[in-house]
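Numbering of the sequence shown is given in this note's numbering, commencing with residue 646 and proceeding in unit increments.
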Amino acid sequence: MPFAHSLPTAFARLDPPRRHLTVALAISVLLHAVLLSIHFRLPEALDRAREQALDVILVQAKHAAKPVQAQAKAQANLDAGGNIEAPRRAKTPLPPSRESRSGDDLVAARQRVAQLEQQQREILTRRGAPRATQAQPEPTPEARPAELSGRDLADSARAYARLEAEIHRSLDEYNQRPKRKFIGARVEEYRFAQYVEDWRQKVERVGNLNYPEAARGKLYGNLVLTVAIKSDGSLERVELNRSSGHKVLDEAAQRIVRLAAPFAAFPESIRRDTDIIEITRTWTFTGADQLSTQ
646 MPFAHSLPTA
656 FARLDPPRRH
666 LTVALAISVL
676 LHAVLLSIHF
686 RLPEALDRAR
696 EQALDVILVQ
706 AKHAAKPVQA
716 QAKAQANLDA
726 GGNIEAPRRA
736 KTPLPPSRES
746 RSGDDLVAAR
756 QRVAQLEQQQ
766 REILTRRGAP
776 RATQAQPEPT
786 PEARPAELSG
796 RDLADSARAY
806 ARLEAEIHRS
816 LDEYNQRPKR
826 KFIGARVEEY
836 RFAQYVEDWR
846 QKVERVGNLN
856 YPEAARGKLY
866 GNLVLTVAIK
876 SDGSLERVEL
886 NRSSGHKVLD
896 EAAQRIVRLA
906 APFAAFPESI
916 RRDTDIIEIT
926 RTWTFTGADQ
936 LSTQ
């Protein structure tokens, strides 16, 4: 073992600074070997807790009261009902929304307003005059909506009440409007065709008997006139749709309609679904001082 006996001798021959450095290096190597051989492990309870994930859902409304039997964790209290018997959790394909609203104050009102707006759109569609609505700009992702204050909620409630009253008034007016039948030059249904033919014969007879003196032998032309007749035969209105270019002829045609009124009352076949008939015809004053309608 000459090499083993030579180590202490060689160590003793080193000067003191080198001996100190050698001892320090040996101690350092020994400590690192001990530290590297040590292993740490978490307790089994903490390991199981780490593997159990907490399922949290995001809700679009919140209630002040806490639900009696909560079915899931959420960022706010929500005690709501449903329309299915099986316990399910709602899902959506839409991206998450950062807007938070108070469910206790405005949810019911907003649902009512949505229903009323739908009714209003149906009314406008039936009347054939839909109103142009201004498209609302999409909120930017960076813009965070401001929280509603108590005054904002009160103003919104009053606005909803006014809108509801206006729509109800429009619905009442729409339901109470008279049922009109618009008749042009061509009529297919016999029940209307016979009534219009009787009306035509009467106005032409009265018109030829009361032909305007200022137009005899001087003026001729044609015009378009609409005559609205109520169910009892009385005249509702006379409307000039297109002028003949001669004021004398225009006024004479309207005067002839008023002289011929009242007209025959509606028969039962017309009265059951019509309150007012509007007849649009072309009136022609000829050079032979004759009146005809078509």
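Glycine included, every Cβ here is placed at the ideal spot set by N, Cα and C.
Discussion item. Which same chain residues end up closer than 8 Å to R903 when comparing Cβ atoms and leaving out the 5 residues on each side of it in sequence?
Written reply: Taking the sequence shown and counting its residues from 1, one reaches residue 903 at position 258. Cβ within range, chain order: L880, V883.
Worksheet item: For R861, which residues from the same chain have a beta carbon less than 8 Å from its beta carbon, with the 5 sequence-adjacent residues on both sides left out?
Response: Within the sequence shown, residue 861 is the residue found at index 216, counting from 1. Hits under 8 Å: D934.
Fill in: Beta bridge counterpart(s) of V965 as assigned by DSSP
There is simply no residue 965 to check, as the chain begins at 646 and stops at 939 in what is shown.
Worksheet item: What does a CB cutoff of less than 7 Å around N853 pick up in its chain, not counting 5 residues either side in sequence?
Response: Against the sequence shown, residue 853 aligns to sequence position 208. Result list for N853: Q935, L936, in chain order.
Item to complete: Report yes if the C-beta distance between F908 and K847 is below 8 Å; otherwise report no.
Response: Translated into the one-based positions of the sequence shown, residue 908 becomes position 263. Translated into the one-based positions of the sequence shown, residue 847 becomes position 202. Closer than 8 Å, so yes.
Item to complete: Enumerate in chain order the residues of its own chain whose CB-to-CB distance from E809 is below 6 Å, with the five nearest sequence positions on each side excluded.
Response: Walking along the sequence shown from the start, residue 809 turns up at place 164. The residues are L761.
Fill in: Residue range of the alpha helix (DSSP H) that includes K892
Numbered from 1 along the sequence shown, position 247 holds the residue referred to as residue 892. Run containing K892: 892 to 905, per the alpha helix (DSSP H) assignment.
Fill in: Burial state of T938 (16 or more Cβ within 10 Å)
Counting from one through the sequence shown, the residue named residue 938 turns up at place 293. It counts as buried.
Worksheet item: So what's L761 in DSSP terms, helix, strand or just coil?
Response: Within the sequence shown, residue 761 is the residue found at index 116, counting from 1. Helix at L761.
Discussion item. Quick check: the Cα distance between T931 and S889, rounded to an integer number of angstroms?
Written reply: Within the sequence shown, numbered from 1, the residue matching residue 931 stands at position 286. Within the sequence shown, numbered from 1, the residue matching residue 889 stands at position 244. Distance between the alpha carbons of T931 and S889: 12 Å.
Practice prompt. Under 8 Å by Cβ, that's how I've got L864 and R926 pegged, so tell me the actual separation to the nearest angstrom.
Written response: The count along the sequence shown starts at 1 and reaches residue 864 at position 219. The count along the sequence shown starts at 1 and reaches residue 926 at position 281. That pair is no contact at about 19 Å.
Fill in: Residue from R803, G878, N855 whose Cα sits closest to the Cα of E913
Position 268 of the sequence shown, counted from the start, is the residue given in the question as residue 913. Per the Cα distances, G878.
Practice prompt. Could you give the DSSP three-state label for N590: helix, strand or coil?
Written response: Since the first residue of the chain shown is 646 and the last is 939, residue 590 is not available in this structure.
Worksheet item: Looking only at C-alpha atoms, which of E811, I922, I683 sits nearest to A838?
Response: For the purposes of this step, residue 838 is taken as the residue at position 193 of the sequence shown. The residue with the shortest Cα to Cα distance from A838 is I922.
Discussion item. Tell me the rounded alpha-carbon separation between L970 and T929.
Written reply: Any answer about residue 970 is impossible in this case: the structure gives the chain only from 646 up to 939.
Worksheet entry | Assigned secondary structure, S914 (DSSP; H/G/I helix, E/B strand, else coil) | Reading the sequence shown from its first residue, position 269 is the one you call residue 914. In the structure shown, S914 sits in a helix (DSSP, three-state: H, G or I).
Item to complete: Could you spell out where the beta strand (DSSP E) holding I921 opens and where it closes?
Response: Position 276 of the sequence shown holds residue 921. First-last of the beta strand (DSSP E) with I921: 921 to 930.
Worksheet item: Who does K826 pair with in a DSSP beta bridge?
Response: Here residue 826 refers to the residue found at position 181 when the sequence shown is read from its first residue. BP columns for K826 point to I922.
Discussion item. Residues in the same chain with beta-carbon distance under 8 Å from S673, minus the five sequence neighbours each way, listed in chain order, please.
Written reply: As a working note, residue 673 is residue 28 in the sequence shown. Result list for S673: empty, nothing under 8 Å.
Worksheet item: What first and last residue would you give for the alpha helix (DSSP H) that runs through L666?
Response: Position 21 of the sequence shown holds residue 666. Start and end: 661 to 681.
Worksheet item: Beta-carbon separation of A910 and S876 under 8 Å?
Response: The sequence position of residue 910 within the sequence shown is 265, counting from 1. The sequence position of residue 876 within the sequence shown is 231, counting from 1. A contact, by the Cβ cut-off of 8 Å.
Worksheet item: Cα separation between K824 and D920?
Response: The residue you call residue 824 lines up with position 179 of the sequence shown. The residue you call residue 920 lines up with position 275 of the sequence shown. Answer to the nearest angstrom: the Cα atoms are 5 Å apart.
Practice prompt. Determine, using beta carbons only, whether I812 and Q756 come nearer to each other than 8 Å.
Written response: Here residue 812 refers to the residue found at position 167 when the sequence shown is read from its first residue. Here residue 756 refers to the residue found at position 111 when the sequence shown is read from its first residue. Not a contact, by the Cβ cut-off of 8 Å.
Item to complete: Please report the Cβ distance between L868 and R887, rounded to the nearest whole angstrom; I am assuming they are in contact, meaning their Cβ atoms lie under 8 Å.
Response: Locating residue 868 in the sequence shown gives position 223, where the first residue counts as 1. Locating residue 887 in the sequence shown gives position 242, where the first residue counts as 1. So it is a contact: roughly 6 Å between Cβ atoms.
Worksheet item: What did DSSP end up calling S801 once you bin it into helix, strand or coil?
Response: Taking the sequence shown and counting its residues from 1, one reaches residue 801 at position 156. In the structure shown, S801 sits in a helix (DSSP, three-state: H, G or I).
Practice prompt. Tell me whether the beta-carbon of I915 lies closer than 8 Å to the beta-carbon of R836.
Written response: Counting from 1 along the sequence shown, the entry for residue 915 is found at position 270. Counting from 1 along the sequence shown, the entry for residue 836 is found at position 191. Against a cut-off of 8 Å, the Cβ pair of R836 and I915 comes out as a contact.
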